[in-house]
Every structure is written in structure tokens, then in C-alpha cells.
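Q:
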Amino acid sequence: MNAVEQFLTQLQGQLRVRGAARRRVLRECRDHLEDAAAQVGPQEAVRRFGAPDALAAAFDIEVAAGRTQRSTAAACVGVLAVAASTLALVNGASAGASAVPLWAVVFFAAAQTAAVSAVLAAVQAAGMRHAPAAPADMALLCRRNAAALMFAALTLFAAGAAVPGQGGAVSLLAGPTAAGLAIIAVLRTRSLVRRLPSGRSRVRRLPLTDVAAILAPSTPNMAHRTLLLPSTLLATASAFVWDHTDGGTATSSLTSASIEAALVIAGYLALGPALGLRPSRHGRRPGAEPV
Amino acid sequence: MLGACLPPTDPIPSVSVYREVMRAELLRGHLEGLLLAVLADQPGHGYALTQRLAERSGGELAVPEGSLYPALQRLERRGWVASSWEVVDGRRRRVYEMAPAGRRAGSGAALEWQRFAAVVDQVMGSLA
């Protein structure tokens, strides 16, 4: 086995990426080494090409970064498609039907969680587009995408349970189909990212960090606690106004606002570590910023 | 007389070491800009781009040739470069060409380098 074949065998053993991307990497490296070997000999060609382990690591990161961006786009499309299907379902509800209260609460909670997760994912993907991608950050993006799709699916289910009705098959199935394809892309990306070094670590990544990367470096990077308070106040005020303009009494509006505040805080406590909004107790990445 | 028999020594032995370290660091930080510069002339496959880079730099910029490919994939992910399989000299190769967004990014990279070089020159000029 000459030096080029030996190198390619080592590179194959080090690469974690699979499928068409792997075949492309190996093909391009082989073509390059054959051209170089024809000029300077196989030993020198391999020496000039670089170390196979470093090269494999660089390829894995780049393929994972590309898949992460594409799966985020698929997840956003999936969430929007499910939202459209949910609207179609709600509009097709039986005339005079009143919503089952528990499912109505689940519906609103799941819808907001899906929307927040999708926005966090989209903003993070935009912020990471021109920056070096770390496996831990890619893992976080996969979790945000998965959360957005799962809660979008729960929203659709809760809508059907809250106000049973009927609708066209295409409009009702388009959302779940798009979400199903998106979750496959997200899981495939997650599978690759978890095989990378520190791909299983949990990190905290504030949305304003990504906003600053997109817009202007001078955007203040507020601590996670200050993000929770304005978010809770905004959600609570919105719930109060929504209920009040819907004909609710002051008492019912206050009740809605209280439930909304409780759900926001509970969501932050329960999902904060998974969505990278607050530190988790386990799996902190070495060198991550102290909280 | 004994000194005349000894091989000549570099009066500042650390210069060559410093040059190698600096070159490696600069290449790492500006590889994408360099790739955009060689792609600006015409499309090419990876090996051709390596040759073009070595030729234009007079052999001064010697990157680990394999490192070009992850960098090219990064440029492609950002939409600055596009690639496709084409037949070159009877062989099927992955050929890269610059996208319109890449031209703008390349100009930006060149300007950034000029500013950086001017600042470093300003600070280090007195040492030369």
C-alpha cells in the first residue's frame, strides 16, 4: 500500500461523517493526492497535505455546521406549516363548540413554547452563520429545533382535543408532514454532532449574544435573569389585554395573566437548561463562562 | 583562522523561527480571504487552487494543502462560493467558483487586511 492509500485509510478511520458528504471528502482528497503524487511523489504529497486526524476533525465540523443550518431552516418551515394546519383545524371547529379548558391551556402553552424555541433557533443559526461553529453550540441548536417541532406538534394535538371539528386533508396533513421531514433532518444532524468532541456538552447561549453578532457589536449582553423579568411582564400584560379585549371580566383577565406568568416561569425553569437559557447542573463545557 | 573554517551563522537566529510562526498564524486567520483572491481570477478544483496560491505567493505561503477543503466548504456554506462536479482533463473533479456574495466578501477581506497591515506597520515600524 503506498503512502497515498495509507493516508486515505487513516482519514477514513478518523472521519465521523457518513453518507454523501463522506464520499465527497474522500473523493476530493484522493483526486488532490493523486495529482500531487504525480508531481512530487506520494510521500511528499502526503506530507504537504497535512495530518489525517486534524483534517478529519475539520471536515466533520464543517459538515455538521452545514447540516445544522439546513435543519434549522427545515425546522422553521415545519413549525410554520404546523401553525397553518392548526389554524385550519381551529377554523374547522364545529359551530358553537367551546374549548375544553385544560386542552386550551396546553394549546396556548405549547404554541408559545414552540414559537420561542423556533425564534431562539433561527436567531442562533443566523448568529452562527459567519462565526466558527463549536460542537456544543451546534448541539444546543439541535435541541432548540427539536423542542420547536415537538411543541408545535403538541399545539396541533391540543387544538384538536380542545375544539373537535373537521377540515381538508391537505391543510391538516401538510403541517405534520413538513414537521416530520424536519425532525428527521434535525435528528440526523444531532447524531453527527454528538459524535464530535464536546458534542454532548451543554452550554448557555443568550439570544442577545446572537442578536449582537447579527446586528451590532455594541448590543448589551444582559444576564439571563434580566431577560426573564421583561419576558414575563410582557407575556402577562399580553394575556391580560387579550382576555380583556375578548370580552373577559377583570377577574378572568387577571386569572389568565396569572396563569400566563406561572407558565412562563415554569417553562423557563423546566426547559431553560435544555434551551441554553440558564445553566444546568450537569455537563457544563470546560471553559464555559461562569454563571 | 578557526572562525573562517566554521559555517556562517544567522546573526539573528530567531528571525527564521519567528517568520515561520507568524506565517502559520496569518495563514490560519486569512485563509478564506486568500482563497477568495485566487478564485477571483477563474474557477478551479482544489489542487489547482493550491498551485495558484503557491504561484502567486512565490512559494512563501505554504498551507497544509488538505486544510483548503474545509475552508472551501465553509465558504460554500456562507454562499460565497459555489461548487459542482465537472470533467477536467478527462477526470471528474469538484470545481469551485466564486459567487457574487463572495466578490463582496473578498473585497471586504482585502480592505480589512490593508487596515490590519497598516496598523501593525505603524506599531512595529520602529523595530525594522
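Quick note, the sequences are listed as chains X and E, same order.
Per our numbering: the first sequence = residues 50 to 340.
Per our numbering: the second sequence = residues 7 to 134.
Glycine included, C-beta positions come from ideal geometry on N, C-alpha and C.
Count the C-beta pairs between the segment 206 to 215 of chain X and the segment 301 to 310 of chain X that are closer than 8 angstroms, then say yes if the count reaches three, no if not.
A: No, they do not touch.
Q: Sorted by chain position, which residues of the same chain lie with C-beta nearer than 8 angstroms to Ala202(X)'s C-beta, five sequence neighbours on each side aside?
A: Result list for Ala202(X): Val131, Pro225, Ala228, in chain order.
Q: Between Arg97(X) and chain E, is the shortest Cβ-Cβ distance under 8 angstroms, so that the two count as touching?
A: For Arg97(X), the answer is yes, since a Cβ of chain E falls inside 8 angstroms of its Cβ.
Q: Ignore the nearest five residues each way along the sequence and tell me which others in Ser307(X)'s own chain have a CB closer than 6 angstroms to its CB.
A: Excluding residues within five positions, none has a Cβ falling inside 6 angstroms.
Q: Quick check on DSSP: helix, strand or coil for Arg193(X)?
A: Helix at Arg193(X).
Q: On the criterion of 16 or more Cβ atoms from any shown chain inside 10 Å, does Gln128(E) qualify as buried, or is it exposed?
A: Its Cβ having fewer than 16 others within 10 Å, Gln128(E) is exposed.
Q: List, in order along the chain, the chain E residues whose C-beta lies closer than 7 angstroms to that of Arg178(X)?
A: Within 7 angstroms Cβ-Cβ: Arg84.
Q: Does the beta-carbon distance from Glu71(E) to Arg193(X) come in below 8 angstroms?
A: No; because the gap between Cβ atoms is not below 8 angstroms, this pair is not in contact.
Q: Quick check: the Cα distance between Ala341(X) and Gly296(X), rounded to an integer number of angstroms?
A: A query on residue 341(X) cannot be resolved here, the shown segment of chain X reaching from 50 to 340 and no further.
Q: Of all the alpha helix (DSSP H) runs that stay within the bounds of the segment 69 to 120 of chain X, which reach a length of 4 or more residues?
A: Segments of the alpha helix (DSSP H) lying fully in the segment 69 to 120 of chain X: 69 to 89, 91 to 98.
Q: Rank Gly316(X), Ala153(X), Val89(X), Arg178(X) by C-alpha distance to the C-alpha of Ala52(X) and give the top, closest one.
A: Answer by Cα proximity: Val89(X).
Q: Given this structure, state the Cα-to-Cα distance separating Thr258(X) from Ala122(X), to the nearest angstrom.
A: In a straight line, the C-alpha of Thr258(X) is about 20 angstroms away from that of Ala122(X).
Q: Could you tell me how far apart the beta carbons of Ala163(X) and Val242(X) are, in whole angstroms, since I believe they sit closer than 8 angstroms?
A: About 22 angstroms; that fails the 8 angstroms criterion.
Q: Taking 8 angstroms as the cut-off, decide whether the C-beta atoms of Glu135(X) and Thr238(X) are in contact.
A: Glu is not the amino acid found at residue 135(X); the sequence shown has Thr there. No.
Q: If the cut-off is 7 angstroms on Cβ atoms, which residues from the segment 67 to 82 of chain E count as contacting chain X, listed in chain order?
A: Hits within the stretch, in order: Pro70, Glu71, Gly72, Ser73, Tyr75, Pro76, Gln79, Arg80.
Q: Specify, as a first and last residue, the run of the alpha helix (DSSP H) that Val69(E) falls within.
A: Element bounds for Val69(E): n/a, residue is neither H nor E.
Q: Specify the secondary structure class of Ser132(E) as computed by DSSP and reduced to three states.
A: Correct three-state label for Ser132(E): helix.
Q: Taking the alpha carbon of Pro49(E) as the point to measure from, which residue in Gly131(E), Ala88(E), Asp95(E) has its own alpha carbon closest?
A: Checking every option, the nearest Cα to that of Pro49(E) belongs to Ala88(E).
Q: Classify Asp95(E) as buried or exposed, calling it buried when 16 or more other Cβ atoms lie within 10 Å of its own Cβ.
A: Per the 10 Å Cβ criterion, exposed.
Q: Just grab the DSSP bridge partners of Gly296(X) for me.
A: For Gly296(X), which the question treats as bridged, DSSP gives no partner whatsoever.
Q: What residues from chain X crowd round Arg100(E), counting only those whose CB sits closer than 8 angstroms?
A: In chain order: Arg73, Arg76, Glu77, Asp80.
Q: For the putative contact between Leu138(X) and Gly62(X), defined by C-beta atoms under 8 angstroms, what is the C-beta separation to the nearest angstrom?
A: Not really, about 51 angstroms apart at Cβ, beyond 8 angstroms.
Q: What's the call for Ala197(X), buried or exposed, on a 16-neighbour Cβ count within 10 Å?
A: Its Cβ being crowded by 16 or more others within 10 Å, Ala197(X) is buried.
Q: Run the CB neighbour count on Met130(E), radius 10 Å, all protein chains shown included, and call it buried at 16 or more, exposed below.
A: By the 10 Å Cβ count, Met130(E) comes out exposed.
Q: With C-beta atoms as the reference, is Leu42(E) less than 8 angstroms away from Gly85(E)?
A: No. Outside cutoff.
Q: Can you name, in chain order, every residue of its own chain whose Cβ lies under 6 angstroms from the Cβ of Asp74(X), other than the five neighbours on each side?
A: Note that residue 74(X) is Val in the sequence shown, not Asp. Within the same chain, Val74(X) has close Cβ partners Phe108.
Q: At the 8 angstroms Cβ level, is Gly52(E) part of the contact set with chain X, yes or no?
A: So, interface residue.
Q: Report the rounded CA-to-CA distance for Leu117(E) versus His51(E), giving the unit in angstroms.
A: Roughly 26 angstroms separates the two Cα atoms.
Q: Taking 8 angstroms as the threshold (beta carbon to beta carbon), is Asp84(X) in contact with chain E?
A: Yes, Asp84(X) counts as interfacial toward chain E.
Q: Let me know the secondary structure DSSP gives Ala183(X) once reduced to three states.
A: DSSP places Ala183(X) in coil when its eight states are reduced to three.
Q: Just mark Ser132(E) as buried or exposed, buried being the case when its beta carbon has 16 or more other beta carbons within 10 Å.
A: Classification of Ser132(E): exposed, given that the 10 Å Cβ count is below 16.
Q: Would Ala167(X) and Ala124(X) qualify as a contact pair, given that the criterion is a beta-carbon distance under 8 angstroms?
A: Yes, Cβ-Cβ distance for Ala167(X) and Ala124(X) is below 8 angstroms.
Q: Taking only three categories from DSSP, how would you classify Ser166(X)?
A: Residue state, collapsed to three classes: helix.
Q: If we cut at 8 angstroms on Cβ distances, does Phe156(X) have a partner in chain E?
A: Answer no: the Cβ-Cβ gap between Phe156(X) and chain E never drops below 8 angstroms.
Q: Determine the burial state of Ile233(X): buried for a count of at least 16 other Cβ atoms within 10 Å of its Cβ, exposed for fewer.
A: Ile233(X) comes out exposed.
Q: Which residues mark the beginning and the end of the beta strand (DSSP E) in which Ser89(E) is found?
A: 87 to 94 is the span of the beta strand (DSSP E), which, as asked, contains Ser89(E).
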